[in-house]
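> So the sequence shown is residues 569 to 771, counted in the numbering used here.
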Amino acid sequence: MSAPDAAAARREALEARRAALMAELERRRAAGGQPKPRDRRRWWRLLWLAPLLLLLLLRDCSCAAPPPPIEPLPPGEGVPAEATPTPPRPPDPGRVPRRNRPKFEVEAPAVLPWLATLRAQVTARGPRLSACFVENQRPGALRWSARVDPSKGEVSDQTFEPTLDGVALSAEQRLCLQDTLAKPPYSLDSDDPPRRVSLVVEF
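1) Please state the DSSP three-state secondary structure of V679.
2) Would you report the Cα separation of R764 and P658, rounded to the nearest angstrom?
3) I'd like to check one pair, S766 with G721: are the Cβ atoms closer than 7 Å?
4) With 7 Å set as the bound, which would you pick, yes or no: does the beta-carbon of S755 sit closer than that to a beta-carbon of chain D?
5) From A591 to A576, what distance separates their C-alpha atoms?
6) In terms of residues, what are the limits of the alpha helix (DSSP H) holding T748?
7) Would you identify the three-state DSSP class for S698, choosing helix, strand or coil?
8) Do you know how far the Cα of E594 is from the Cα of A574?
9) Mapping the DSSP letters down to three states, classify P619 as helix, strand or coil.
10) Assign V664 to one of three DSSP states: helix, strand, or coil.
11) Drop a sphere of 10 angstroms on the beta-carbon of V723, count the other beta-carbons inside from all chains shown, and report buried for 16 or more, exposed for fewer.
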């Protein structure tokens with residue numbers, strides 16, 4: 569039962585109660601004369617209390633119609649949310665944009681003018697170099713590196729590296745090669761500063 573219906577029912581009950589009291593009072597008056605003063609006061613109190621109770625009930629209950637129930641929205645419907653603009657994505661700091669690099673012309677290293685002369689004079693010492701390998705019956709080759717002073721034709725700081733098919737050099741063979749390649753001095757006719765060169769020597 570809703571609140572307005574309950575209030576109306578209570579109001580009707582109080583009206584019926586009041587009517588019953590009034591009817592009882594009239595019946596007693598008609599039956600036996602005037603009621604006693606005490607009974608009269610009691611009936612008058614009841615008659616006054618009935619409207620007061622009715623007023624209290626009406627004040628406590630709310631006669632306003634209840635708000636209509638909120639119907640649920642169908643699925644997928646509702647108040648559209650405000651579209652939030654997507655902030656621009658910052659560029660990836662790990663990627664560097666490609667740029668065309670300028671072309672630089674790399675000059676080829678200058679060819680030493682006396683290197684061909686040195687190579688020819690080393691080749692001319694081939695028979696003497698072969699004498700360092702008397703025990704070896706087959707021809708061979710090795711890489712010779714040395715510091716060459718072209719103004720004096722002298723060599724120093726010599727190192728030898730056998731090729732892939734070569735054999736390891738003994739101490740005696742190494743001394744023989746150093747002596748053969750260093751003496752006599754080369755005739756290079758150049759005032760260039762000392763340079764380190766590397767040649768393949770065949771024997």
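Ideal Cβ positions, reconstructed from N, Cα and C, are used throughout, including at glycine. Note that the structure is a prediction, hence the values are computed from the model and not measured.
According to the data block:
1) Locating residue 679 in the sequence shown gives position 111, where the first residue counts as 1. Here V679 sits in coil by DSSP.
2) The residue given as residue 764 occupies position 196 in the sequence shown. The residue given as residue 658 occupies position 90 in the sequence shown. Cα to Cα, the separation comes out at about 55 Å.
3) Numbered from 1 along the sequence shown, position 153 holds the residue referred to as residue 721. Numbered from 1 along the sequence shown, position 198 holds the residue referred to as residue 766. Cβ distance not < 7 Å, so G721 and S766 don't count as in contact.
4) This model lacks chain D altogether, as it is built from one protein chain only.
5) Counted from its first residue, the sequence shown places residue 591 at position 23. Counted from its first residue, the sequence shown places residue 576 at position 8. Our two residues, A591 and A576, have alpha carbons roughly 22 Å apart in a direct line.
6) Reading the sequence shown from its first residue, position 180 is the one you call residue 748. Boundaries of the alpha helix (DSSP H) harbouring T748: A739 to A750, taken from the DSSP string.
7) Mapped onto the sequence shown, residue 698 falls at position 130. Note: S698 maps to helix in three-state DSSP.
8) In the sequence shown, the residue the question calls residue 574 occupies position 6. In the sequence shown, the residue the question calls residue 594 occupies position 26. Between A574 and E594, the C-alpha separation is close to 30 Å.
9) Residue 619 sits at position 51 when you count from the first residue of the sequence shown. Three-state DSSP puts P619 in a helix.
10) Residue 664 sits at position 96 when you count from the first residue of the sequence shown. It is coil, neither helix nor strand.
11) Residue numbering aside, residue 723 sits at position 155 when the sequence shown is read from its first letter. With 16 or more other Cβ atoms within 10 Å, it is buried.
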